[in-house]
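Residue numbers (UniProt numbering): 1 to 135.
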């Protein structure tokens, strides 16, 4: 949403809020901000007017909600920098020679053999028939 001052109309609640925050130089709680805006516009503090002003601020991209009821200007936020994860590289990816490959294969085979022997001890053929599953 672009701000309405570019249309050369009378300023909206959001336009006044922008000016209030810009002059203040610090974030403000929405109640204080809306109160100031409505006072400057000479509008009563009715709940419907407060809600309308807050809605305008909420929809206007010039503002940012900081939490705990605090609103500030988007231009006050630090520029977002893209954080790239460092590239993941495999150490010694291309330097494995045949001896290294066979060593790693032996380790894999040994760990598989251990897993198989553990499974044999736990597996009971009676279980296979009851569940109707075959391993």
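Cβ coordinates follow ideal geometry from the N, Cα and C atoms, glycine included. The structure displayed is predicted, hence computed values, not measured ones.
Per DSSP, residue 73 is one residue of the beta strand (DSSP E) stretching across 70–73. Residue environment for residue 13: buried (at least 16 other C-beta atoms within 10 angstroms of its C-beta). For residue 73, the closest alpha carbon among the candidates 10, 61, 9 is that of 61.
A distance of 8 Å or more separates the beta carbons of residue 64 and residue 46.
Within the region 17–79, the runs of alpha helix (DSSP H) that reach at least 4 residues and sit entirely inside it are, in chain order, 30–41, 47–59.
Annotated three-state conformation of residue 9 is coil, per DSSP.
Counting C-beta atoms within 10 angstroms of its own C-beta, residue 16 has 16 or more neighbours from the protein chains shown and is therefore classed as buried. Taking 8 Å as the cut-off, the beta carbon of residue 69 is found closer than this to the beta carbon of residue 30.
A distance below 8 Å between beta-carbons, with the five flanking residues on each side excluded, links residue 44 to the following residues of its chain, in chain order: 38.
Listed in chain order, the non-local C-beta contacts of residue 33 below 8 Å within the same chain comprise 17, 20, 21, 57, 71, local neighbours out to five positions each way being set aside. Apart from sequence neighbours up to five positions away, no residue of its chain approaches residue 10 with a beta-carbon distance below 6 Å.
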